[in-house]
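Chains as they are written, first to last, in our numbering: chain A, 1 to 806; chain B, 1 to 806.
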């Protein structure tokens, strides 16, 4: 056995050499100027923000170095002070607390949207909902710097969610930049496709796993997937992963391109068939564990929210919560203290490397007698069994990770969960190795059990259970560079998913609910006959519309009250026949054209010619009236417009104001007052004119449903086509509108009301206690009761629905 | 170097041992009773047809054994006759010719639908088009037996397409069987989902590659993919792959579950960074190769079709073409003849195993001096260089595979292409090894180049190029059990795809075009502004509809003339307001209820009572008239109905006939004639009655478009929702209908007419010569010209469109 061990050890990648090299180079540069470093990094990132995948990888590499350096600094401070335990403790604790507090504060000040994972937000954005503030440059800077500090603290935090968000930010900024040059980048649906590819890049370069990255991002962000995007995701993710790993080679960290956490299990006999039940046990246990993790995470958030007293105190001192949590966690992992029983001195990466080790740590309950090389010795404690260390590690890290991911810094939960899963797998593997010291295989050769393989299975299963994905299987293969355990991993992941999906929503869906993001939930499958709700039950009957012969004043009023992105155009109020839909921006353009600068100037010039002929004194009263009118109009324009167009609208108005002012200075003050009053009159006249739709872009085929379309069909159409709203027509006449909001309410409502539950594929026995939509349900309940008590409307008479729709 | 070689050889899986074992066991059983064996196998398969994945794997295993046995028999015959070259040749050639001829004949007689790959058909079926005869039990039997024989012949034929088809057949038969018990299996959309999972199973258990299988089947069959199906695919594919490999263990072929073509490349340094250009070259070259393969394959088919003389002759002797092709190919591979220069004596599987070998065959142009163990010696020829052998192998196999896949037997092209790609990769790898005998890596250790890794890259790239998929990368990892070459493989596959997609359609799309299957082509991306065609340009204005107050006679007439699955229900012919749609089957049920047995019997009883009172003689003339009427009705019922319902409809009619006959025997013949005439009268009266829609299932929200909906939007909606047809309405009034057929014509037409091309994502410079739709284009061309010369219809007046729609 000994010779084999030595051979295996020789096969190990030269981890130690790299570490020493890194340490040598880093000490000089990084000691305390973290702030300076962060600024530098941000500047560098800003420069390179245009070339996505390259910048993606550069920042990754930088951050990787940064983290190593910081951890090492912490260790060095801690190591250099080994004469005094108290000083050691201070050094151990100060670092993370300072970093996390800085990260939380920085993020809070610059862009609070950068907090958290980012995957739930991306899921919502890819669904077609606009969450504008999540894709700005500010958020980008906050996310990058905040993430760097948060990860540097050594807390059990992940990076895959933030990476997805950062990649998407890069893509969004890139396409905003490219749209300056016009062309295809102006297309909005193209932007969504770019974001989808960016998500794949994010995961792909986080783990150097292009295939797993693409699949994971699909599973996590999409409901329906266009296969043509798949190709693009692969393209982007492959190049990002490639450049990520190439830089490691150029940097002399690696000799060639290899996997990030390369394992070296034996190839000829990876596992015995009779070990499969053990793998299945890992899968099922991790399924329960994953559900528990999601539940625990949500519980902590809800507990913090409910406790009003704590909440009020923490709201005042926003940085106290992160600092306290960090203090607690780092105190518990302090190596001379409790940390010695749970390999506290290892970073997340080191833990994972040791857990995936191909050597067995224990044989028949006693630690094996080979030298624990490098980090592995952290798991060995003179008094305590390796099993106890592992159990403590799992239990402590479990709640620590669930707690740490609630800190308001940019962070994910994938990596901590992955490590816990690996530890659990290792525990089962070590137990199996202790139980069957000569392996299970019966005939001929002795093949000892490989606990590292169990760790791989456990990692994939737990992270799959928490995120409700199967592609974690692919990620572990790419991460470890070995695919020999494919069947155990697949079986464990599928079982873990089956269990976890039936107990809890995925972590991302849970966050979507906690954050109340506008995401359309899934309809349960096989239950759709139970959703006997029709569009007429949920539609909003009070539709904002414009008629073919409406005046600009009507347009003005409609724009002030509505909230939908497009407005219905009907033939007349009497017939209500739907002709098409017009975008809000188009209508605003029409309005500003009518009241805009050129026409005003023309009018003023005309007036000026007239005024030269006669001079009259006007009362002060009328001027007040005019200024009131003007302010009113400004208010309307500010409220009615949004974003870019707002500025554009203001421009003519302001320009007009100053222009007229300058001109009028030549004349006397009273004439000016007179002018203002005239302008007001002119505006009133303009508003009463009939709208000319000639140059307006009308969508002749807006999406229509009929009143009796089922909820299930509506949901399918909305999710497939990524609709925001659809008009409801009855024999061609507009009678209502359904938007995402109504649909969401109806679906969430039906969870508690109708017995048909909203659930993922395998959720056959999830308790309904997790949904917090009881209050929203009542409304639908009422609707439904009303509907039932009424006779089913076979045919609406025109007069009836006309009344309703007005 | 020598000691290393020995060690590596020892690591090789015990292929030889297994071979010997197999040989020993098989000789007794299989010599010539192929027919008996095939029958037995079919019987066994028929029994086990219900448990899909198990049966799937069983048959796989059986077939695997079968193939081994047959190849071995062929070799044994050939080996035993080494005294006489002519006899050897006869033995070598007879086997494949007999097997292929049998396969072609059997398939032709039983179910011609079983010919070919099956993936194009599945793609069409998953799109929502019903190709009923492709999923019958007959096809299943023909496909299984035909495939077994075709593969046993040793021709360069694949099995992945047929496996997909067989798995889908299993799923279809299974769900047909399960629907007897009712429940969710009756749902049609559920069946489509089952078929999607079955496709994944098919690929998954063909290569023991669950992940690659799922991805490949998605890429090959779908345009838009529901992520919830993904999970199911994984579930099914994992278990099929698991059981496939477990059976190999139980069968003592393998010690434990491993990859199908396990490689053993070194893990620590799989390849150097500077080798990447070589991998990229493989990718690009294979891209061109893949396009050439598709082109060659289509060329052969079209050539055979065009040559009228050959064609007529071959049509008479259907089995001659397969026999001739087989004879040609097996003559060329005859080992003592030309076959000695192209490793002709190896089967496809053996070739692949040797090509993926981790040893280098040549160093500096000279064959290395280690013993070629086992099959590898086939590549070594005393006079000829290894490079020449490889080049000959690639060139010969290339056209042979393209030719062989046109034989009308159940076969795929994936595996032959895969082997050719591996050979090309090996060629590049061996050249690199000869060029850099000590490897490229510059500092320190010598890492010789691994030509086997190049073979893996080449295999993935060529098969990816031919099928236009990226997931072949995943398939090779699962097939070889090693993932160390992930980046080279990904890069090569992406480059190969980029080249191939820009030159040719995928093999499956090419077959879809050749077979003229009703598949909706893709719209090019980025070009959709150019498709300025609207629904009104392509819709059929002559819609079949029924009105609320129509008579049964109208129903009858509409059913006789229409072809759509559902019919529009409008308020009245004048208003044409669309109220909903009714399925054809529902209407047929209405009609048979009106003219059906119970009502007939009631009428006859009534008449009988009346007739007892009076006896009158009726002229022969009226009886003739009646029989004419009856036959007319029968004809209508046969034409109008389909499948199950047809029988049901006949039943009451026949029953009535005999019933009335029996009854009337009591009375005299003239009374019977009178009766018939009365019944005819009664039927006429029934047909004139107004239809009662009360118990009819009306879809209140059929899919509607408006006349100005763009072609792009229509295409998106059709593909996303899998529609068959949609009604076109103008302000609520039905004015036309668009079905898949019209849409397909419009899209294909626009290839040549409008300049906007129908192409896959990367097809930027494909020549348009591949499309054979010039004749279809003219129609649209005319339409378009007409449309242009006419003023754009702003608003159809009611009278105008009413006229058109009738």
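Note that the Cβ used here is the ideal one computed from N, Cα and C, for glycine as well.
Any C-beta of chain A under 8 Å from that of residue 350 of chain B: no
Euclidean distance between Cα positions of residue 327 of chain B and residue 501 of chain B: Looking at the backbone, the Cα of residue 327 of chain B and that of residue 501 of chain B are separated by about 34 Å.
Any alpha helix (DSSP H) of 4 or more consecutive residues that is wholly inside the segment 528 to 554 of chain A: 535 to 538
Distance, residue 193 of chain B Cα to residue 642 of chain A Cα: The predicted model places residue 642 of chain A with a pLDDT of 37, which falls under 50 and marks its position as unreliable; any figure quoted below should be read in that light. Each residue's Cα considered, the two are about 44 Å apart.
Chain B within 8 Å of residue 359 of chain A, Cβ atoms only: no
Below-8 Å beta-carbon distance, residue 693 of chain B vs any chain A residue: no
Unbroken alpha helix (DSSP H) run spanning residue 604 of chain B, endpoints: 597 to 613
Distance CB(residue 341 of chain B)-CB(residue 406 of chain B) smaller than 8 Å: Not closer than 8 Å, so no.
Per-residue burial, residue 704 of chain B [other beta carbons within 10 Å of its own, 16 or more giving buried]: buried
N-terminal and C-terminal residue of the beta strand (DSSP E) that residue 484 of chain A is part of: Neither: residue 484 of chain A is in no beta strand (DSSP E) and is coded neither H nor E.
Residues of the segment 427 to 452 of chain A with Cβ closer than 9 Å to any Cβ of chain B, in chain order: 441, 443, 444, 445 and 447
Extent of the continuous alpha helix (DSSP H) run through residue 275 of chain B: Where residue 275 of chain B is concerned, there is no enclosing alpha helix (DSSP H), given that its DSSP letter is neither H nor E.
Alpha carbon of residue 94 of chain A to alpha carbon of residue 127 of chain A, nearest angstrom: 42 Å
Closer than 8 Å to chain A by CB, residue 164 of chain B: Not a single CB atom of chain A sits nearer than 8 Å to the CB of residue 164 of chain B.
Counterpart residues of residue 581 of chain A in DSSP-defined beta bridges: A:568 and A:699
Beta carbon proximity, residue 347 of chain B to chain A, threshold 8 Å: So no, residue 347 of chain B is outside the interface.
Chain A within 8 Å of residue 219 of chain B, Cβ atoms only: yes
Between the CA atoms of residue 728 of chain B and residue 735 of chain B - distance to the nearest angstrom: Between residue 735 of chain B and residue 728 of chain B, the C-alpha separation is close to 6 Å.
Beta-carbon gap between residue 552 of chain A and residue 586 of chain A smaller than 8 Å: no
C-beta neighbour in chain A for residue 682 of chain B, strict 8 Å: No, its Cβ sits nowhere closer than 8 Å to a Cβ of chain A.
Residue of B:294, B:452, B:424 and B:385 minimising C-alpha distance to residue 403 of chain B: B:294
Closest residue to residue 210 of chain A among A:384, A:290, A:475 and A:317 (Cα-Cα distance): Comparing Cα-Cα distances from residue 210 of chain A to each of A:384, A:290, A:475 and A:317, the minimum goes to A:475.
C-beta atoms of residue 271 of chain A and residue 437 of chain A nearer than 8 Å: no
Neighbour list for residue 210 of chain A in chain B, Cβ cutoff strictly below 7 Å: 490
Whole-angstrom distance between residue 471 of chain A and residue 352 of chain A, CA atom to CA atom: 19 Å
Straight-line Cα distance separating residue 435 of chain A from residue 505 of chain B: Whole-angstrom Cα-Cα distance: 57 Å.
N-terminal and C-terminal residue of the alpha helix (DSSP H) that residue 425 of chain B is part of: It spans 414 to 435 - the alpha helix (DSSP H) in which residue 425 of chain B sits, taken as one unbroken run.
Bridge partner(s) assigned by DSSP for residue 710 of chain B: B:534
C-alpha gap between residue 718 of chain A and residue 557 of chain B, whole angstroms: 38 Å
Span separating the alpha-carbon of residue 338 of chain B from that of residue 269 of chain A: 40 Å
Residue 414 of chain A beta carbon less than 8 Å from that of residue 158 of chain A: yes
C-beta neighbour in chain A for residue 708 of chain B, strict 8 Å: yes
Within chain B, partners of residue 249 of chain A - CB distance below 9 Å: The contacting residues are 273.
Spatial distance of residue 102 of chain B from residue 139 of chain B (CA atoms): 16 Å
Buried or exposed by the 16-neighbour rule on C-beta atoms within 10 Å, applied to residue 536 of chain A: buried
CB contact below 8 Å: residue 124 of chain A versus chain B: Not closer than 8 Å to any Cβ of chain B, the Cβ of residue 124 of chain A fails to qualify, so no.
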